[in-house]
Amino acid sequence: MWFGGRQKVPGFGAVVLAMTFALAGCGTGSKLGGSQAAENVLPPRDSMPTELGTVINKPSSRALNRKKCSFTADMPSGWCEDAVAEGHTGYGNGDGSKRLLFDVIVYRNDTAAKYAFRKWNTSIRHTPSKYRIVNADKFGSESMVFVGASGASRDDQQIVIHEGHFVGTVKFLGSGKRDALDATLSKMSDTFVKRMQKED
4 MWFGGRQKVP GFGAVVLAMT FALAGCGTGS KLGGSQAAEN VLPPRDSMPT
54 ELGTVINKPS SRALNRKKCS FTADMPSGWC EDAVAEGHTG YGNGDGSKRL
104 LFDVIVYRND TAAKYAFRKW NTSIRHTPSK YRIVNADKFG SESMVFVGAS
154 GASRDDQQIV IHEGHFVGTV KFLGSGKRDA LDATLSKMSD TFVKRMQKED
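Printed below as a string of structure tokens:
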């Protein structure tokens, strides 16, 4: 339809197409959708073992700005190329001697998440002075379990998981297990992966 011989009102099909592109920005691979996805993936308090039911860090998430990204190798946000959001939460026992810390990074796509996980893998395997790998069953598309090689971190067990758009870590501080996957960490890793699969 033309008005004044100059301006054309877009037809219904064009309007629908424009709305489709606008809504596409709310998907998991966008900063807006990624931030919500990150928070949805984080396990809630009622999924924790009774003895670890104290909330240390409330579930939270934020869109990730690459320029403000942490480059600490011990955090999944250490590699944030094509990352759009991150989320964190933590639970523990009454005296804080045992804690479960969850971190998740949402990437733009599975390829970017896979690349980030591979960098984790390389970093851990090439620093035996800091980490020791623990043999364990696979969680998600790929995963790695490790403990600290020395010092206080010897009692801490950690798993890194890649599933779809996500790379998540669960750190069990005070686990005390060194030669096999901690049963509590195994259970919570399974819960974490299922939430990733549901959200991806």
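Per my numbering: the sequence shown = residues 4 to 203. The beta-carbon is built from N, C-alpha and C at its ideal position, and this holds for glycine as well.
Residues bridged to residue i [DSSP beta-bridge criterion]
i, result
"K174", "L104, Q161"
"R208", "Here the chain has residues from 4 to 203 only, and residue 208 is not among them."
"F169", "V109, E166"
"S84", "According to the sequence as given, residue 84 is Glu; it is not Ser. E84 pairs with nothing; no bridge assigned."
"T221", "An answer regarding residue 221 cannot be provided, because it is not within the stretch 4 to 203 covered by the chain."
"E145", "H165"
Nonlocal neighbours in the same chain, by C-beta distance under 6 angstroms from residue i, ignoring five residues either side
i, result
"V163", "W123, M147, T172"
"Q160", "V150, F175, S178, K180, D185, L188"
"D140", "none"
Residue i Cβ short of 7 angstroms to the ligand NAD heavy atom set
i, result
"S50", "Ligands displayed in this structure: none; no statement on the ligand NAD is therefore possible."
Contact set for residue i: own chain, Cβ-Cβ below 7 angstroms, skip 5 residues either direction
i, result
"I59", "G93, Y94, G95, R102"
"V18", "With a pLDDT of only 36 at V18, under 50, the local geometry of the prediction cannot be trusted, and the value read off the model is given with reservation. For V18, where only same-chain residues beyond five positions count, there are no Cβ hits under 7 angstroms."
"D113", "G167, H168"
"E145", "F120, H165"
"G143", "I164, H165, E166, V196, M199"
N- and C-terminal bounds of the alpha helix (DSSP H) containing residue i
i, result
"T194", "186-202"
Cβ shell of residue i (< 8 angstroms), same chain only, five flanking positions each side left out
i, result
"P47", "P62"
"K197", "none"
"D182", "V137"
Start-to-end residues for the beta strand (DSSP E) that takes in residue i
i, result
"K61", "57-66"
task = Spell out a yes or no on whether the region 166-182 and the region 97-112 are touching, meaning 3 or more CB-CB pairs, one atom from each, closer than 8 angstroms.
result = Judged by Cβ distances under 8 angstroms, the region 166-182 makes contact with the region 97-112, as three or more pairs qualify.
query = Would you call the region 150-158 and the region 120-135 in contact, with 3 or more CB pairs under 8 angstroms?
reply = Segments in contact, yes.
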